[in-house]
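*Asks:* Chains as they are written, first to last, in the numbering used here: chain F, 8 to 121; chain L, 455 to 568; chain E, 776 to 1252; chain S, 5 to 165; chain R, -12 to 70; chain D, 118 to 725; chain A, 384 to 631.
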Amino acid sequence: MIQYVSIVLMLIGIYGLLIDRNIIKIIVALNIFEVGLNIFIVSVGFVSGGVAPILTSVNSNSALIYVDPLPQALVLTSIVIGLGTTALALAIARKMYNAYNSLDLDEIGGMDND
Amino acid sequence: MMYIAYFFLILGAFFYAIGGLGVYRMPDVYNRSQAGTKATTLGTLALLIGIAIINPSWIPKLLIIVVFIAITNPIGSSVLVRSAYLKGAKQYEGTNIDELKEYYNKEDANHETN
Amino acid sequence: MTNPVLLIVVPLLLAFLSVALKNNKKQLLFIAAVFNVVGVFIIENGSYVIGGFRAPYGINLNLDAYSHLAVLVINILFLLIITMSNEKTKEFSTVLLVALAGLNGMLLTGDLFNLFVFLEIVSITGYILSTESKKYKYSFNYLILGTIGSGLYLFGLIILYAIFGSLNMADISFKMLSYDTGKLVVPIFLMFIGLAVEAKLIPFNGWVRGVYGNANSLIGSLFASVYAGTILFVFGRVFGQVLVLSEYLVAVFVAIGVITLIAGEVAAFSKNKIREILLFSSIAQSGLVALLFVTGLIFPTVLQLLNNIITKAVMFTIAGKISDDADTDEADKLKGIFANNKIIGVSFTVSALSLIGLPLFYGFYSKINLLLGLFSKINYFVAAFILLATIIEGAYFIRLLVKLWTPGEEGKESNIKFVTDRKVEFDFNKKVIAFMLSLIILLAGISPSLVKTNLFAMNKLLNEENPSYMFELKGGM
Amino acid sequence: MKKNISSFLIIWITWILLTGININELIVGFIVSALLSYVISNLIDYEFSFNSIPKIIKFLVVYIPVFLFELIKANLDVAYRVLSPSMPINPGFVRIPTKIKSEYGRLTLANSITLTPGTLTVDVSEDSVYIHWIDVKGNNNEDYQKNVSASFEKILGGIFN
Amino acid sequence: MINTLVFLLIGIGVFFAFLRLVIGPSSFDRVLSLDIINIIVTGTLVFVGFIFNNELYLDIAIVYAILSFIETVVFARYLEGSI
Amino acid sequence: MDFNALILFMVFSAVLSYLVSKSNIKLGAYSTILFSLISLIILFLGRNNIGNEFSLLYMNFRVTAIGWYFSLIMILIYSMTAFFNPYWMEKILYPSSYNFLYLFSLAATVGLFFAADLITLFIFWEVVVWSSTFIVPLGKSRKAAVVYFTISSIGSMATLFAIMFVYSKSGTFDINEAFKFLASEPLTATFVFFTFITAGLTKIGIFPFHIWLPLAHGNAPHTFSPVLSGGLVKMGAFIAYLSVGILPAYKAFSTSMTIMGIPFQIYLLMVLGAISIVVGTLMAIKQDDVKKLIAYSSVANGGYILIGILMMDQVTFAGSLMHIFNHAIASAAAFLTIAAIAHRTKTTKISELGGMIHKMPVSYVVYLISIISLAGIPPMGGFVSKWLIVQGLASKGLIFIAFAAFFGSIGSFLYVFRPLAGLFLGQLAPKYENIKPSTLVMKIPMVILASMSVFFGIFPKYLLETIGEIQTSIGIDPIMINGDTITTINGVLNTNKVAAIFGFGFVISLMIFLVLPKSRKVGLMDTYTSAEFIYTPELYHYANSFYAPFERLYKNHPSVEKFLGKFAVKTEELGILVNSLFFSHKPSVTVLWVMAIATLIFLGGVDI
Amino acid sequence: MKRIAVIILLGVLGFFIFSGIYSNEAFTEFGNVDLNNRVSNKFITKSVTDENDIVEFGKSSNLETGSANYVTSIVVNYRSFDTLGEVTVLFISSLGVALLLGTLGGKLTHKYRANFILRVGAKTIFPLIALTGIYIFIHGHLTPGGGFPGGSMIASAVLLLYLADENFRAKMSSFKLAESFAGSLYVLIGIFGLLTSGYFLNNFMNTGVIGDLFSAGIIPIVYVLVGLKVGSELTGIITDFLKVEVDE
Ligand code: NA
Ligand code: NA
């Protein structure tokens, strides 16, 4: 179920990319896509009945069933990378707004056409 | 002892419910904020007390959470309500007195910086 | 000290340091580039485990002859390009240091997820470098496409992980051998999209025109040469060596490659601006290289890839410098520009002729080899398409060269005094290195045995023991 | 220096609350707290005045119970208003004068007002607290103050001034 | 049993706050309801940790509380036009 | 001297010439004369090298009789034309590079003719193409260079495909070995035959590849047009020879349908040759620019040559080989006279010239001889070779082809006469009153080439003997010559008698010309109308609309140029389409493509 | 119309993605994963280089990686090279933001000055948030957390200060220095491992008893560095975004 949801979320992000002309909305759409992807990554590591992959005084040995920790590590990387690109995208968006005085890609397209 | 704990747990949850309901039912953003903030603060307090009773070893961290919520919750509401006020969010029709307006209109109040 | 990880981490260390040592950024960049060039000659082939955890559990670097050749070429070109456009490196020194680290990481890593990380690093440096032109809408486009592309790559990779339980290239490759790869169309194609965006394959490459078309001498040549080379080497690694492709996907990728090749050449044909001609030519070359890799030809593809990136390094540097100085790169406004810059003109010409694949230039050697390869695989149609592309390529490059060499109006006797009034002056670095590279192209063309003996030393690389179609020039009869 | 030490102590105590008592944690916490309090003093104008134990004790012993009582009262009030079908309200924005000078005193006052029945602090000035009041009772600011914050004002004034 | 009741009540609170989040009408209403939901979630995290007998949830709750506070402030300052 | 030394010498002479030019341009130009003449002598004296094999770098060579023959013609043309180089140095953009490319392309042609393997052949072929491509735009036209290169590329890529294909089947590049297996595989042979010969067709300028000739010949530097037309075109003939001589075409096609005994594959190309004759002739007639006119005549003559080579028999083949020589020297000489005129007048347009006979009588005579030879009119060499070709065709009953050849001969009268009248005869334009005759150095090659045309027209046996040896070397019965009488199945030609008759006629007409009274001279632009000033006196030049009624006949003729022009436009439009479809600054465009393609591919590759 | 077409396209695409994924038997249904088929299997028992049957909290000691948090053991040990890359991504992104926005010199002026409550509240709460951040990255091997969330906490604490006081300016030079120092040290630790054991980023320190603070070798050190670095970088990004254009 969660996997279906995550893929649908990715598609929603792509949908946003396809129909939005506003730069900020496109960035948001991209983030929705990434969220969907990240959920998918985590979902791939889920094990029914598995516990969070941290040894504690309660879950104290490796013989227990744990969920796959690797996708969780990967998703951490994915999130950070997404954060970095989003920051950069926003910075570019701001420069675009300064340069073209618009956030609408259709409007911007008409300017400095080369 | 357990029953006291349960009482607190249910009390906390009850105030969460009241908080949510209050946010839903109150007439304007200011009143909603009032209801939500108070109820959830107390709700958290009660809930955590309940848990602390059953699980005394958790008390230090629970204490941090409680203190933190008690400080930040009202601050957050204040900041939000002030923004709403400054932006002229709709007030309940029966709101008669407004001494804040005078304060913000005073020149030296220096709230609007540009 | 022969661990290739240093090629990645030393530039990275210097990148971090460069934030503190603001005033010596340029020197740090140069030091790193030289370090890596020296390093590529010292490192020894092998699998290098990081952190001490054996593959497939830990990440390992895979320095076989293939990646060795790749890092060799890429690092040398990187050094040459930053030296050629030395005057432009200051602002981007740290970015370039990170890029150098990332490029080496992409080439060396033996782990598909680690590849994703390095791909992102390199892409982000690309986005940043692309903003130099101040045409932000193109950078934005590049960023969005790059991100969605690598997102899809990751999506595909995670599916593979769920199926094979591993991220290690060799491990996955091995496990795929006993798997019905016909069922892996979705994950592999998703990964393909990710690399195809960066590798400039049609229709995944919408960003290329805006970004390449406005790049200056430094950034254009870096993109077209070092970045493009790296991504194609990686493409060859992933889709030519690691992933086992079903017949269906091979057909699909070859079709995409052919379409890219022809569409790229046709688009280049319709252009007048130098950088646009070059960028479409790059697109076409990417299509060519990608399809050859997918066809299973490693050796001749690498030869062709080298041809592309060495020549593009020269040509994009020159084109970028021209448009930096003359404020235009429209060939029609730059007629006869080489009359005053003969050394540069000769370098550009040699590069272009090599790219077309004319004899006496290195490109001929690679073209013959790839044709031999294709014919040995009975791939006549692809060969025919490549030759068709060569005709178009020849037409527009000759048209460009003739314009840039001969001033004056069409139909009038040329005379030197009609040279364009646009002042373009090339500095010493550019002249020397561009000329040196064109000399290498020429030498390698006249005496391919030079290339052959050197490449045969690393032949095992190419996972083809003594390729049967190797163009043995002497006694080729 | 005094400021640094007090902030250091507060931070260290917080650390201990977070980690529990353990020799390694204490050492690490000590280092962290020292560094952090140093950095904070550089980063912000950190006016710290919790520098006497009696004040803190007074705060805990006297103020907290009053506050808790008010908080419970407030919530019963909220519960009533939320659940009652007809809500008798007479909202308004009013000014409550205060004599507390300390920043932390005024902050505590403001927060306390927010958490007590029917009132919510919107802004604080040098000498007043501006609140939103669901059911305004009284005719002038002194009335308001008496109805809203008199008990807090008294205790907090004792602690912070 | 107790747990179910607790979850039920929490659910009611979140549900109505969420309704407000959806219907608004102003952005301030939405941010407010989000803030309320966040606080409820914080408490719920602690409660879940209590049920799983896993102290690690407390750390998560602390972080969550901090981030939700900052989120509220950011939204408020954004909505008033200060950033 | 060994020929590997010859090739090395030629390459180094190119480099040397470049270096000399860098210090002194004039000296560099003279060095091209010297070096090409030395090469010519070495080649001529080194005939004993025939049969030798040698290697350079990775290239393999084998000296054959026919290769030697072609090389000789090529070096002859280059060395004769080189005499003009010194006069063009200051008019050419990059004189040093010109000298280098001039000698370098010559070296490459010799390498081509001596190639022992297909790769070597292809390498030299392409080297000639690109080195000569870069000479063309040093003249007037960039477009010409592009068209020249592109059409050449079409040919060479097709040929490369054939080479690779043959290699992949036979495992060898050796020219003599590679094609052998085709003898028993008619279908494969047909494919290889057509692809391999394409480069040759483009170079000869066979319809529909002929369009580059007028462009390139017409716009190349005046000193290079002779080489292009007289020399380089002949490389195509060499490829054609390889395609029927070495590639066992007749053997492979022995089971094919035949037309008058010729396999249809070969006949098809002969038809193309015939069309080239007709098209070349027709187009030559309407040219105003002499250089273009001669270029079209080259197209027509290329048709003859191709047809002759394709026959691979005793008479026609010999005629063709002879025509290669005759056409080379005649067309080179004709272009040289144009160059000589252009050197003084700066133009090559008939409508801007006239009366040059008064200023450049030697050029006039040379031009007259050459163009007569080109047209295949007795008593010049061109007549003999064309006669042989027509004889050969007629003997095989190839009436259609023979008719085209005949048509070409008639048409050539028309195009010969036009420049003759327009350029040399008639009135001298006032602005050329004071021009000087061509220099002595220029006269040398012109006179030598013209003399050769006459000499081999009267005494063809010296040439035909060599050709006979070539025929013997490749297993064809040599042509029969007895003194100055050539005997074919259908007829006998005694060139001496023919020459005597024409000589007699010439003397008679000269006497009539001298005896009869001359008309009064009026200045060429001395044109008055009733008190109105004429703004465009050129229109009143009598050479204007010389063949007006004729030109009207094919005003809207279908043309390959137009077709290719449209093709180029379509390619450009396709490029623009590619651009607008795929390259947008909006990510949505690309993402849409990605998703659509992905959907399509999953549709085909995912099991549901 | 366009929207409907896009939705249909994506619907079809989604359908094929589902089919394409789930047609693989090896792609088990959600939750039915058998870790024995995955490399993670050995991460759980910490037996990539050692052989362990079972790892017990508070008992097992000197394991190949001492982190009680399995995710952390992957992030900072088994796949620490990824993490170095991840740090680099953030580093380069913040650098990019600085290159783009750093030229903007103006200071953000809040439209409304922060009210008293926020001003004082932020100062009060700041140390707590920062401390929590530090706590998180120091305990990354014991609790869910680590360098990245810890660093983000620190940066968000700074953000709070920005929101509360328009006169507040983070001393970017110090942050830059911290960033540079932390990054360089991370690499140098890796190189130290390479020099001592032949493996880059080798965990060259002893690992104690699993569950102790000092139990994970270089993990806490790396996480402190990562935390500092991430904190500085995010602070830099925030600072750059709060700049405004100066009219020229
Ligand atoms: Na990317
Ligand atoms: Na790229």
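Backbone N, C-alpha and C fix where the C-beta goes; we use that ideal spot for every residue, glycine too.
Small disclaimer: the values here were computed from a predicted structure and weren't measured.
A78 (chain S) touches chain A at which residues, Cβ-Cβ below 9 Å?
*Replies:* Those within 9 Å of A78 (chain S) in chain A number zero; the least Cβ separation is about 18 Å.
*Asks:* For a minimum of 4 consecutive residues, which ranges assigned as the alpha helix (DSSP H) are wholly contained in the segment 152 to 219 of chain D?
*Replies:* Whole alpha helix (DSSP H) segments, 4+ residues: 182 to 199 and 202 to 205.
*Asks:* Give me the Cα-Cα distance between P331 (chain D) and F217 (chain D), rounded to the nearest whole angstrom.
*Replies:* Cα to Cα, P331 (chain D) sits roughly 25 Å from F217 (chain D).
*Asks:* Would S371 (chain D) be called buried (16 or more neighbouring beta carbons within 10 Å of its own) or exposed?
*Replies:* Answer is exposed; the Cβ neighbour count stays below 16.
*Asks:* Does any C-beta atom of chain D lie closer than 8 Å to the C-beta of A106 (chain F)?
*Replies:* With 8 Å as the cut-off, A106 (chain F) does not count as an interface residue toward chain D.
*Asks:* Is M881 (chain E) buried or exposed, if buried means 16 or more other CB atoms sit within 10 Å of its CB?
*Replies:* Buried.
*Asks:* Have a look at I30 (chain F) and I39 (chain F) and give me their C-alpha separation to the nearest angstrom.
*Replies:* Approximately 14 Å between the Cα atoms of the pair.
*Asks:* Let me see if you follow: with CB-CB separation under 8 Å, is Y461 (chain A) close to chain E or not?
*Replies:* Closer than 8 Å to some Cβ of chain E, the Cβ of Y461 (chain A) qualifies, so yes.
*Asks:* Could you give the residue range of the alpha helix (DSSP H) that holds P101 (chain S)?
*Replies:* Note, P101 (chain S): premise wrong, no alpha helix (DSSP H); beta strand (DSSP E) at G96 to P101.
*Asks:* For T618 (chain A) versus V541 (chain A), is the C-beta spacing smaller than 8 Å?
*Replies:* Cβ distance < 8 Å, so T618 (chain A) and V541 (chain A) count as in contact.
*Asks:* I need the DSSP call for S953 (chain E), collapsed to helix, strand or coil.
*Replies:* Three-state result, S953 (chain E): coil.
*Asks:* For V723 (chain D), list the residues DSSP reports as bridge partners.
*Replies:* Per DSSP, none; premise fails for V723 (chain D).
*Asks:* Go through its chain and collect everything with a Cβ distance to R17 (chain R)'s Cβ below 6 Å, but skip five positions before and after it.
*Replies:* Contacts found: L8 and G11.
*Asks:* For chain A, check one thing: does any of its Cβ atoms lie closer than 8 Å to the Cβ of F719 (chain D)?
*Replies:* Taking Cβ atoms only, chain A reaches closer than 8 Å to F719 (chain D), which makes this a yes.
*Asks:* For I513 (chain L) and A506 (chain L), which I take to be in contact (beta-carbon distance under 8 Å), what is that distance rounded to the nearest angstrom?
*Replies:* Correct: roughly 5 Å between the Cβ atoms.
*Asks:* Apart from the five residues on each side of it in sequence, which residues of its chain come closer than 8 Å, Cβ to Cβ, to T428 (chain A)?
*Replies:* Same-chain partners within the cutoff: N435, D436, I437 and V438.
*Asks:* Work out the CA separation of S793 (chain E) and S213 (chain D) for me, nearest whole Å.
*Replies:* Roughly 49 Å between the two C-alpha positions.
*Asks:* So, is M384 (chain A) buried or exposed, given that buried needs 16 or more other C-beta atoms within 10 angstroms?
*Replies:* With fewer than 16 other Cβ atoms within 10 Å, it is exposed.
*Asks:* Taking only beta-carbon atoms, is G91 (chain F) less than 8 Å away from chain C?
*Replies:* Among the protein chains of the structure shown, namely F, L, E, S, R, D and A, there is no chain C.
*Asks:* In three-state terms, what does DSSP make of W19 (chain S)?
*Replies:* It is helical.
*Asks:* Does the beta-carbon of Q488 (chain L) have 16 or more other beta-carbons within 10 angstroms, so that it is buried, or is it exposed?
*Replies:* Burial call: buried.
*Asks:* For V815 (chain E), tell me which candidate among E:I849, E:I1143, E:D1104 and E:W1180 has the shortest Cα-Cα distance.
*Replies:* Measuring from the Cα of V815 (chain E), the nearest candidate turns out to be E:I849.
*Asks:* When the Cα atoms are used, what is the spatial distance from S941 (chain E) to G885 (chain E)?
*Replies:* Approximately 12 Å, taken between the alpha carbons.
*Asks:* When you check each C-beta in the segment 488 to 505 of chain L against every C-beta of chain S, which residues fall closer than 7 Å?
*Replies:* Of all residues in the segment 488 to 505 of chain L, Q488, A489, T491, K492, A493, T495 and L496 have a Cβ within less than 7 Å of some Cβ in chain S.
*Asks:* Since V897 (chain E) is in the alpha helix (DSSP H), which residue starts that stretch and which ends it?
*Replies:* Start and end: L887 to S905.
*Asks:* Quick one: grab the DSSP three-state call for M387 (chain D).
*Replies:* Of the three classes helix, strand and coil, the one that applies to M387 (chain D) here is helix, per DSSP.
*Asks:* Looking only at its chain, what residues have a beta carbon closer than 7 Å to the beta carbon of M628 (chain D), apart from the 5 residues adjacent to it on each side?
*Replies:* Nothing listed; no residue qualifies.
*Asks:* So, does the CB of G695 (chain D) fall closer than 8 Å to a CB anywhere in chain F?
*Replies:* A small fix is needed here, since residue 695 (chain D) is Val in this sequence, not Gly. Answer no: the Cβ-Cβ gap between V695 (chain D) and chain F never drops below 8 Å.
*Asks:* Around the Cβ of D946 (chain E), are there at least 16 other Cβ atoms within 10 angstroms (buried) or fewer (exposed)?
*Replies:* Result: buried.
*Asks:* State the start and end residues of the unbroken beta strand (DSSP E) segment that holds N527 (chain L).
*Replies:* Where N527 (chain L) is concerned, there is no enclosing beta strand (DSSP E), although the alpha helix (DSSP H) it sits in stretches over I513 to L540.
*Asks:* Would you give the residue range spanned by the alpha helix (DSSP H) that D46 (chain R) belongs to?
*Replies:* Taken as a continuous stretch (DSSP letters only), the alpha helix (DSSP H) holding D46 (chain R) covers L43 to L66.
*Asks:* Of all Cβ atoms in chain L, is any one closer than 8 Å to the Cβ of I(-3) (chain R)?
*Replies:* Cβ-Cβ to chain L under 8 Å: yes for I(-3) (chain R).
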